[in-house]
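**Q**
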Amino acid sequence: MGHVIAVSGKGGVGKTTLCGLLIQYLCENGKHPVLAVDADANANLNEVLGVEPEITLGELREEIERAGVDPRYQIPAGMTKQAYLEMRLSDAIAEEDDYDLMVMGRTQGQGCYCFVNGLVQTQVQKLQSHYPYIVVDNEAGMEHISRGILPMMEVAILVSDCSRRGVQAAGRIAKLMKELNFKPQKTGLIVNRVPDGKLDAGTLEEIRNQGLELLGVVPHDDQVYQYDCDGKPIIRLPKDSPVRSALGEIIKKLGL
1 MGHVIAVSGK GGVGKTTLCG LLIQYLCENG KHPVLAVDAD ANANLNEVLG
51 VEPEITLGEL REEIERAGVD PRYQIPAGMT KQAYLEMRLS DAIAEEDDYD
101 LMVMGRTQGQ GCYCFVNGLV QTQVQKLQSH YPYIVVDNEA GMEHISRGIL
151 PMMEVAILVS DCSRRGVQAA GRIAKLMKEL NFKPQKTGLI VNRVPDGKLD
201 AGTLEEIRNQ GLELLGVVPH DDQVYQYDCD GKPIIRLPKD SPVRSALGEI
251 IKKLGL
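The opening position of the sequence shown corresponds to residue 1 in full-length UniProt numbering, with each subsequent residue numbered one higher.
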């Protein structure tokens with residue numbers, strides 16, 4: 001069975017960037033094929049990876065929901081909606097050389113996310129045996145954790161910036177996993193965008209207060225910001241990037 005690595009944290013701390021670089025590291029070190037799952041309704045892991053999915057699970061849900069009502073969406077005669085969904089699910093996976101990407105996406109209008117969340121969980125369970133590693137970029141906050149979307153996670157990586165709020169959010173996610181009886185083999189914190197790669201005393205104190213294991217720190221790098229502004233995939237950062245180097249050392253410690 002594939003190793004499921006779930007990446008979670010407060011919004012705006014750079015978890016999707018680190019998630020993309022984690023996928024790149026695994027692929028470059030012979031751990032492929034990797035299934036990358038963007039489980040955030042506000043999907044942007046594909047931009048970090050430089051991939052454009054044909055259709056998201058949210059769009060597929062809308063297509064099936066509107067079939068028979070909207071002439072733009074038609075299910076072949078004699079085929080049930082469930083059979084059509086099964087046939088189309090393969091289109092929701094963008095295939096690259098060393099990894100495949102599945103994007104949850106969002107529903108249109110006021111539609112509930114329950115169906116799409118269920119699709120994510122079902123597809124991860126179904127595909128787990130096909131990939132040595134599955135990396136899941138969760139939406140900001142605790143939604144997927146509270147819904148029990150990823151109880152099979154083996155490694156839970158919590159991401160924060162240097163702020164106390166970010167560390168506190170990571171602590172709340174860790175506590176929620178315990179309350180839900182999730183038992184990943186490894187749970188730890190990565191602090192991202194650290195000035196000069198050194199944590200101050202206040203951040204270290206909050207990490208201890210939250211009872212979190214610090215996996216490591218990733219330094220702030222203006223080049224990441226510039227790539228984002230220029231619309232360049234973050235995985236194209238040079239190999240000597242301090243961000244890539246720091247994350248690589250953390251991944252080695254995790255034994256991935």
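A virtual CB, placed ideally from N, CA and C, is assigned to each residue, including glycine. Quantities reported herein were computed from a predicted structural model and do not represent experimental measurements.
If you check the beta carbons only, do residue 7 and residue 192 fall under 8 Å apart?
**A** Within the sequence shown, the letter at position 7 stands for residue 7. Within the sequence shown, the letter at position 192 stands for residue 192. No.
**Q** Can you have a look at residue 19 and say buried or exposed, based on whether 16 or more other CB atoms are within 10 angstroms of its CB?
**A** As a position in the sequence shown, residue 19 is number 19, starting the count at 1. So residue 19 ends up on the buried side.
**Q** Distance check for residue 101 and residue 95, CA to CA, integer angstroms please.
**A** On the sequence shown, residue 95 is found 95 positions in, with the first residue counted as 1. On the sequence shown, residue 101 is found 101 positions in, with the first residue counted as 1. Answer to the nearest angstrom: the Cα atoms are 7 Å apart.
**Q** Please look up how many angstroms separate the CB atoms of residue 124 and residue 36, rounded, as I've assumed it's under 8 Å.
**A** The residue labelled residue 124 in the question sits at position 124 within the sequence shown. The residue labelled residue 36 in the question sits at position 36 within the sequence shown. Their Cβ separation, rounded to whole angstroms, is 11 Å, which puts residue 124 and residue 36 out of contact at 8 Å.
**Q** Note the first and the last residue of the continuous alpha helix (DSSP H) segment covering residue 23.
**A** Within the sequence shown, the letter at position 23 stands for residue 23. That run of the alpha helix (DSSP H) goes 15-28.
**Q** Tell me the start and end of each unbroken beta strand (DSSP E) in the segment 161-246 that is at least 3 residues and wholly inside, in chain order.
**A** Whole beta strand (DSSP E) segments, 3+ residues: 186-194 and 214-219.
**Q** Would you mind reading off the limits of the alpha helix (DSSP H) that contains residue 57?
**A** The residue you call residue 57 lines up with position 57 of the sequence shown. Element bounds for residue 57: 57-66.
**Q** Which same chain residues end up closer than 8 Å to residue 253 when comparing Cβ atoms and leaving out the 5 residues on each side of it in sequence?
**A** Position 253 of the sequence shown, counted from the start, is the residue given in the question as residue 253. These residues qualify, in order along the chain: 215 and 216.
**Q** Is the beta carbon of residue 260 less than 8 Å from the beta carbon of residue 104?
**A** Residue 260 lies beyond the range of the chain shown here (1 to 256); nothing can be said about it.
**Q** Secondary structure at residue 54, three-state DSSP: helix, strand or coil?
**A** Taking the first residue of the sequence shown as position 1, residue 54 is located at position 54. Reduced to three states, the DSSP call for residue 54 is coil.
**Q** Nearest CA to the CA of residue 106: which residue from 245, 174, 44 and 86?
**A** One-based indexing of the sequence shown puts residue 106 at position 106. Considering only alpha carbons, the answer is 44.
**Q** Checking the sheet assignment: what are the DSSP bridge partners for residue 75?
**A** As a first step, residue 75 is located in the sequence shown; it is residue number 75 there, counting from the start. Paired residues: none, contrary to the question.
**Q** Which partner residues does residue 102 have in the DSSP bridge list?
**A** Working through the sequence shown from its first residue, we reach residue 102 at position 102. According to DSSP, residue 102 bridges with 37 and 93.
**Q** Contact between the segment 201-213 and the segment 155-168 is defined here as three or more beta-carbon pairs at a separation below 8 Å; is this criterion met?
**A** Touching, yes, given that three or more Cβ pairs across the two stretches are closer than 8 Å.
**Q** With a CB to CB cut of under 6 Å and the five nearest residues on each side skipped, what residues in its chain are close to residue 88?
**A** Walking along the sequence shown from the start, residue 88 turns up at place 88. Within the same chain, residue 88 has close Cβ partners 60.
**Q** In angstroms, rounded to a whole number, what distance separates the CA positions of residue 5 and residue 156?
**A** The sequence position of residue 5 within the sequence shown is 5, counting from 1. The sequence position of residue 156 within the sequence shown is 156, counting from 1. Cα to Cα, the separation comes out at about 6 Å.
**Q** Kindly list the residues whose CB is nearer than 7 Å to the CB of residue 133, restricted to its own chain and excluding five residues on each side of it in sequence; keep chain order.
**A** The residue labelled residue 133 in the question sits at position 133 within the sequence shown. Only 2, 3, 5, 26, 31 and 34 meet the Cβ criterion.
**Q** Rounding to the nearest angstrom, what Cα-Cα distance links residue 28 and residue 208 in this structure?
**A** Residue numbering aside, residue 28 sits at position 28 when the sequence shown is read from its first letter. Residue numbering aside, residue 208 sits at position 208 when the sequence shown is read from its first letter. Straight-line Cα distance between these residues: approximately 34 Å.
**Q** For residue 44, which of helix, strand or coil comes out of DSSP?
**A** Along the sequence shown, one-based indexing puts residue 44 at 44. In the structure shown, residue 44 sits in coil (DSSP, three-state: anything other than H, G, I, E or B).
**Q** Under a three-way DSSP split, which group does residue 133 fall into?
**A** By 1-based counting over the sequence shown, the position of residue 133 is 133. If DSSP states are grouped into helix, strand and coil, residue 133 belongs with the strands.
**Q** Does the Cβ of residue 73 have 16 or more other Cβ atoms within 10 Å, making it buried, or fewer, making it exposed?
**A** The residue labelled residue 73 in the question sits at position 73 within the sequence shown. Per the 10 Å Cβ criterion, exposed.
**Q** Here's the rule: buried if 16 or more other CB atoms are within 10 angstroms of the residue's CB, otherwise exposed. What is residue 92?
**A** Numbered from its first residue, the sequence shown carries residue 92 at position 92. Residue 92 should be labelled buried.
**Q** Using the Cβ count rule (16 or more neighbours within 10 Å means buried), how would you classify residue 204?
**A** Here residue 204 refers to the residue found at position 204 when the sequence shown is read from its first residue. Label assigned to residue 204: exposed.
**Q** What's the gap between the Cα of residue 218 and the Cα of residue 42?
**A** Residue numbering aside, residue 218 sits at position 218 when the sequence shown is read from its first letter. Residue numbering aside, residue 42 sits at position 42 when the sequence shown is read from its first letter. If I take the Cα positions, the gap works out to 24 Å.
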